Structures are given as C-alpha cells and as structure tokens.
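Novice: Here it is, the structure in full.
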Amino acid sequence: MADDQNAADTVEKLYPVLHKFVPAARAKLDDGAWDYLVGGAETETTQKRNRMSLDRLAFRPRVMRDVRTLDSTCTFLGRKLNLPVIMAPIGSLQQFHPSGGAGVSQAVGEFGAIHMLSSVCKPGLEAVAEAAPDAARIYQLYVRGDAAWVDDHIDRAIAHGYMAFCFTIDLDYYGRRERDKAKGFLSVSRQTQAVGEEYQRSFNWDDFKRIRDKYDIPLILKGIATAEDAEIAVTEGCDAIYVSNHGGRQLDHGRGGAAVLPEVVQAVDGRARVILDGGVMRGTDIVKALALGADAVGIGRLQGLALAAAGPEGVVHMLNILEEEVQCVLGNLGLTGYDQLGPEHIYMEPDTVNPPHKLSAFPLLEEGY
270 MADDQNAADT
280 VEKLYPVLHK
290 FVPAARAKLD
300 DGAWDYLVGG
310 AETETTQKRN
320 RMSLDRLAFR
330 PRVMRDVRTL
340 DSTCTFLGRK
350 LNLPVIMAPI
360 GSLQQFHPSG
370 GAGVSQAVGE
380 FGAIHMLSSV
390 CKPGLEAVAE
400 AAPDAARIYQ
410 LYVRGDAAWV
420 DDHIDRAIAH
430 GYMAFCFTID
440 LDYYGRRERD
450 KAKGFLSVSR
460 QTQAVGEEYQ
470 RSFNWDDFKR
480 IRDKYDIPLI
490 LKGIATAEDA
500 EIAVTEGCDA
510 IYVSNHGGRQ
520 LDHGRGGAAV
530 LPEVVQAVDG
540 RARVILDGGV
550 MRGTDIVKAL
560 ALGADAVGIG
570 RLQGLALAAA
580 GPEGVVHMLN
590 ILEEEVQCVL
600 GNLGLTGYDQ
610 LGPEHIYMEP
620 DTVNPPHKLS
630 AFPLLEEGY
C-alpha cells in the first residue's frame, strides 16, 4: 500500500498538468507507436476538425450563484461514475505499456470511469476481466466472423461481467494512415484487419436486429456520424449512440465530432444515451460535449499518452486532473452539476484561437510533437 501511494505521489509531481504527459510519452515510444497514437488518415483533415469543432465552442457563464458544493459524478447505463468518461477502445494499448488493456481497466476501476476494451487489445477479454473484475467495462468488437462467431464474443462478454457490448461500424475499409504507411508500422488492428474483413463490410441493420432480438445486454454502435443513422439505430433498439469518426483515422475530410453531435442528439431525442469522442483532451471539452447533449465522452489519444508516460498510475492521475478541470469549469459557469448544463451555456465562435492539430489542446507544449 505504501509503495502504491509513493508511486501515485511521484506521478502527481511529475505530471502536474496534462500536457506534461506528452514529452514523456514521446520519449518512451518508438516512431511507429508514436505516429500510430497521434496520427490520422491521409491529410488528417478530419482529425483537425475534431479539435476545431470543440475549440469553436465558447462558454456563456452565469455569475452570482452559490457554487460551494459541486457534483461532477454521473450515472451511465446504470453505473455510477466519478466522471462521464469512457476510455475509448484502442487496439494497441500493449504497445504503449506492457499492461495493455488490463492496466487501463484497473485504472478506471480505481478512479471510477469506464473502459471500452477493444477486441484486438491484449491481454484479451477474459484476462482483462480477471485483472479488473470490479471495473466498469464495455467490450467493443470488430466483426471478423459469422453470426456464431459474433454470438460467442457476446456470450463471453456477458459471462465475464462486461456492462455493455459495442460494435464499431466505421471500419469497413481500413483508413489510409500515411504516417504508419510511410514508416512501415503495422498496428495490431491492421494486422487483424485482413482476417475476416468481409464480415465487417457486410455487417448491416438486419444483423444488428438479430442480435438485439437475442440479447438483453445494452448495445452500443460506435461510428454514427449522421442524424439519419442515429434514427435508424434508436428505432432498432440501440441503447447508446456513439458519435465518432475514429479519431480522424478512417474517413478523411469528415466533420468534427462536436459538429455532428447536435443533429444526433436531436434525432435521438432522449431515447438512447449519446457518447462523443474525437479530440477530447480537456475538462472544457467534456463540459462542452455534455452541454450539447452528450451523456459521456470517449477519450483515446489522451488515454494513450498517459498510459505510455506513466502506466496505469498515469491514467488514474490523468482522470484526476480531468476531474479538477471539469469542476473548475462547472463552478465558473455558475453551475453545481450537469443537470443545470445546456446549450444555453455555449456560443459558437466563427474561428478558433489555436490552429487545430493533433495536440493543439496543449498550446504550452514546445514545438516538435
């Protein structure tokens, strides 16, 4: 216990702010793993638009409110959380730290968030559940087999205590990630892409309806980018709509996630939960997403940076910092909880202050990342 506390204290001193994770992660990762973590598809326009769609959102604070007592907790799909945050699925976590998915699940269990485990992340479904039995865990699947293959994964996830099951639906053709291609880096997800990729490409609403009819576990569809598909998903019984463009790593020249969010929230109209990811790096981003109607946010790159820099302890500390940031934002908006937060607290600015790029959320970083 003393060793654990000493390790936590060390991490807290080394990383007093979020951007301190960046140089430490870069120093520990080779060029291939680094570019996989921070890169996007082709011109990386979608990736940049993720940040731009968040940065254009300005706050409209109210003053003269009693904000002595703040509550930044929430409930998501029946689970009480300290923050409305999901560690987004990353297939190559083990390339950032040996603990891989087990380390992240342990970290979110300690803090009180959710880990969405990628189906191509090591050490795998069962081992992660064994390593973090009490953590809030969601299993995410790339479809690489027939109906029996899919059902086997769902059965195993249910048997091992996963609280929901997610299908990623925006990876029919693997995005042209030119940073990876130029350096010959082959990520875990790309290594598995060629095996059974025809099943992912043929996965459709009839397949989802079959699964919905058979299973009671909450189902999530990750990769929704239009109101039209959100409407179909809810009609077919989807429990959570995950607004995502794969962190800008799939379809280039897409819209930023926060730009898509309002139309999806309107289409869903409270009939399902809504998750947003894409460029979320700060507490301000979390509050903006919730103001526009999201119920939770997914965090990808920041998760990888914290894990690479300082292991599972780094992920816990990153979440602690986000919690402090969220509470600061809520209080300075004149709010004591998310129930008071809404679109009236947001104003759309015509331009962004910082030119958007993969790490533009951290303008105090020196050049070179």
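So the mapping is simple: the numbering used here equals the position in the sequence shown, first residue as 1, plus 269. All C-beta atoms, glycine included, are put in the ideal place defined by N, C-alpha and C. These figures come from a predicted structure and were not determined experimentally.
Taking C-beta to C-beta, are Gly-517 and Gly-309 nearer than 8 Å?
Specialist: The residue you call residue 517 lines up with position 248 of the sequence shown. The residue you call residue 309 lines up with position 40 of the sequence shown. Pairing Gly-517 with Gly-309 gives a Cβ-Cβ distance under 8 Å.
Novice: Taking only runs of the alpha helix (DSSP H) that begin and end inside the region 525-557, which ones reach a length of at least 4 residues, in chain order?
Specialist: 526-537
Novice: Return the chain-ordered list of same chain residues with a C-beta closer than 6 Å to the C-beta of Asp-340, the five sequence neighbours on each side being excluded.
Specialist: Here residue 340 corresponds to residue number 71 of the sequence shown, with the count starting at 1. Hits under 6 Å: Gly-606.
Novice: For Leu-326, which residues of its own chain have a beta-carbon under 7 Å away from its beta-carbon, when the five flanking residues on both sides are left out?
Specialist: Here residue 326 refers to the residue found at position 57 of the sequence shown. These residues qualify, in order along the chain: Ala-527, Lys-557, Ile-615, Met-617.
Novice: With a floor of 3 residues, list each beta strand (DSSP E) that falls wholly inside the region 444-505, ordered by position along the chain.
Specialist: 488-493
Novice: Taking DSSP's pairing of strands, which residues face His-384 in a bridge?
Specialist: By 1-based counting over the sequence shown, the position of residue 384 is 115. According to DSSP, His-384 bridges with Met-356, Arg-406.
Novice: To the nearest angstrom, how far is the alpha carbon of His-288 from that of Asp-482?
Specialist: In the sequence shown, residue 288 corresponds to position 19, counting from 1. In the sequence shown, residue 482 corresponds to position 213, counting from 1. Cα to Cα, the separation comes out at about 45 Å.
Novice: Buried or exposed: Lys-349, going by 16 or more other Cβ atoms within 10 Å of its Cβ?
Specialist: Position 80 of the sequence shown, counting from 1, holds the residue named residue 349. Per the 10 Å Cβ criterion, exposed.
Novice: Measure how close the beta-carbons of Ala-400 and Gln-375 come, nearest whole angstrom, since I'm counting them as under 8 Å.
Specialist: If you number the sequence shown from 1, residue 400 lands on position 131. If you number the sequence shown from 1, residue 375 lands on position 106. That belief holds up - the Cβ atoms of Ala-400 and Gln-375 are roughly 6 Å apart, short of 8 Å.
Novice: For Tyr-607, which three-state DSSP category applies?
Specialist: As a working mapping, residue 607 is identified with position 338 in the sequence shown. Shown here, Tyr-607 sits in a helix according to DSSP, grouped into three states.
Novice: Distance, Cα to Cα, Val-280 vs Trp-474?
Specialist: The residue labelled residue 280 in the question sits at position 11 within the sequence shown. The residue labelled residue 474 in the question sits at position 205 within the sequence shown. About 46 Å.
Novice: Between Thr-553, Tyr-305, Gln-409, which lies nearest to Gly-393 when the distance is taken from Cα to Cα?
Specialist: Here the question's residue 393 lines up with position 124 in the sequence shown. Ranking the options by Cα distance to Gly-393, first place goes to Gln-409.
Novice: Pull up the distance between the alpha-carbon of His-515 and that of Gly-492, whole angstroms please.
Specialist: Stepping through the sequence shown from its first residue, residue 515 is reached at position 246. Stepping through the sequence shown from its first residue, residue 492 is reached at position 223. Approximately 7 Å between the Cα atoms of the pair.
Novice: Use the C-beta contact count for Met-321: other C-beta atoms within 10 angstroms, 16 or more gives buried, fewer gives exposed.
Specialist: For the purposes of this step, residue 321 is taken as the residue at position 52 of the sequence shown. Buried: at least 16 other Cβ atoms inside 10 Å.
Novice: Give me, in chain order, the residues of the same chain whose beta-carbon lies closer than 7 Å to that of Val-533; leave out the 5 immediate sequence neighbours on both sides.
Specialist: Along the sequence shown, one-based indexing puts residue 533 at 264. Excluding residues within five positions, the ones whose Cβ falls inside 7 Å are Ile-493, Ala-496, Ala-499, Ile-510, Val-512, Val-543.
Novice: At a cut of 8 Å, does the region 557-571 reach the region 361-370 through at least three beta carbon pairs?
Specialist: no
Novice: Counting Cβ pairs closer than 8 Å, one from the region 290-308 and one from the region 443-457, do we hit at least three?
Specialist: As far as the Cβ criterion goes, the region 290-308 touches the region 443-457, which means the pair count is three or higher.
Novice: 8 Å is my cut-off, CB to CB: does Asn-473 come that close to chain E?
Specialist: No chain E appears in this structure, which consists of one protein chain only.
Novice: Who are the Cβ neighbours of Gly-548 in its own chain at under 6 Å, not counting the five residues just before and after it?
Specialist: Numbered from 1 along the sequence shown, position 279 holds the residue referred to as residue 548. These residues qualify, in order along the chain: Asn-319, Arg-320, Leu-323.
Novice: Using beta-carbon positions only, say whether Leu-591 and Val-354 come within less than 8 Å of one another.
Specialist: Residue numbering aside, residue 591 sits at position 322 when the sequence shown is read from its first letter. Residue numbering aside, residue 354 sits at position 85 when the sequence shown is read from its first letter. In contact: Leu-591 and Val-354 (Cβ atoms closer than 8 Å).
Novice: At which residues does the alpha helix (DSSP H) containing Ile-510 begin and terminate?
Specialist: Mapped onto the sequence shown, residue 510 falls at position 241. From DSSP, Ile-510 is part of no alpha helix (DSSP H) but of the beta strand (DSSP E) over 509-512.
Novice: With 16 as the cutoff for other CB atoms within 10 Å, does Asp-546 come out buried or exposed?
Specialist: Here the question's residue 546 lines up with position 277 in the sequence shown. Under this definition Asp-546 is a buried residue.
Novice: With a CB to CB cut of under 8 Å and the five nearest residues on each side skipped, what residues in its chain are close to Thr-312?
Specialist: Here residue 312 is taken as the residue at index 43 of the sequence shown, counted from 1. If we look at Thr-312 and ignore the five residues flanking it on each side, its Cβ neighbours are Asp-521, His-522.
Novice: As a quick exercise: from Met-356, Ser-368, Cys-343, Val-389, pick the residue whose alpha carbon is nearest that of Gly-377.
Specialist: For this step, residue 377 is matched to residue 108 along the sequence shown. Looking at the sequence itself, residue 377 is Val, so the reference to Gly does not match. The option with the nearest alpha carbon to Val-377 is Met-356.
Novice: Compare the Cα-Cα distances from Asp-508 to each of Val-529, Ile-407, Tyr-468, His-422 and report the closest residue.
Specialist: Locating residue 508 in the sequence shown gives position 239, counting from the first residue. Comparing C-alpha distances from Asp-508 to each of Val-529, Ile-407, Tyr-468, His-422 shows the shortest one belongs to Ile-407.
Novice: Please check the pair Ile-423 and Ile-501, which I expect to be a contact at CB under 8 Å, by giving their CB distance rounded to whole angstroms.
Specialist: In the sequence shown, the residue the question calls residue 423 occupies position 154. In the sequence shown, the residue the question calls residue 501 occupies position 232. That pair is no contact at about 21 Å.
Novice: Quick check: the Cα distance between Phe-454 and Met-587, rounded to an integer number of angstroms?
Specialist: Position 185 of the sequence shown, counting from 1, holds the residue named residue 454. Position 318 of the sequence shown, counting from 1, holds the residue named residue 587. Cα to Cα, Phe-454 sits roughly 27 Å from Met-587.
Novice: Over the uninterrupted alpha helix (DSSP H) stretch that includes Phe-290, give me the two end residues.
Specialist: For this step, residue 290 is matched to residue 21 along the sequence shown. Start and end: 290-297.
Novice: From which residue to which residue does the alpha helix (DSSP H) around Thr-437 run?
Specialist: Taking the sequence shown and counting its residues from 1, one reaches residue 437 at position 168. No alpha helix (DSSP H) contains Thr-437, which is instead part of the beta strand (DSSP E) from 433-437.
Novice: Are Leu-576 and Val-585 close, meaning C-beta to C-beta below 8 Å?
Specialist: Sequence index remark: in the sequence shown, residue 576 carries index 307 (1-based). Sequence index remark: in the sequence shown, residue 585 carries index 316 (1-based). No, Cβ-Cβ distance for Leu-576 and Val-585 is not below 8 Å.
Novice: How far does the alpha helix (DSSP H) with Gly-414 in it extend, from its first residue to its last?
Specialist: Here residue 414 refers to the residue found at position 145 of the sequence shown. Segment: none, Gly-414 is in no alpha helix (DSSP H) and carries neither H nor E.
Novice: Around the Cβ of Arg-479, are there at least 16 other Cβ atoms within 10 angstroms (buried) or fewer (exposed)?
Specialist: Translated into the one-based positions of the sequence shown, residue 479 becomes position 210. Arg-479 is exposed by the Cβ-count criterion.
Novice: Is Met-587 helix, strand or coil by DSSP?
Specialist: Taking the first residue of the sequence shown as 1, we reach residue 587 at position 318. In the structure shown, Met-587 sits in a helix (DSSP, three-state: H, G or I).
Novice: In angstroms, rounded to a whole number, what distance separates the CA positions of Gln-274 and Pro-330?
Specialist: Position 5 of the sequence shown, counted from the start, is the residue given in the question as residue 274. Position 61 of the sequence shown, counted from the start, is the residue given in the question as residue 330. Distance between the alpha carbons of Gln-274 and Pro-330 is about 37 Å.
Novice: Assign Tyr-616 to one of three DSSP states: helix, strand, or coil.
Specialist: The residue you call residue 616 lines up with position 347 of the sequence shown. Reduced to three states, the DSSP call for Tyr-616 is strand.
Novice: State the Cα-Cα distance for the pair Lys-391 and Gly-603, rounded to the nearest angstrom.
Specialist: Locating residue 391 in the sequence shown gives position 122, where the first residue counts as 1. Locating residue 603 in the sequence shown gives position 334, where the first residue counts as 1. Spanning the two alpha carbons is a distance of roughly 43 Å.
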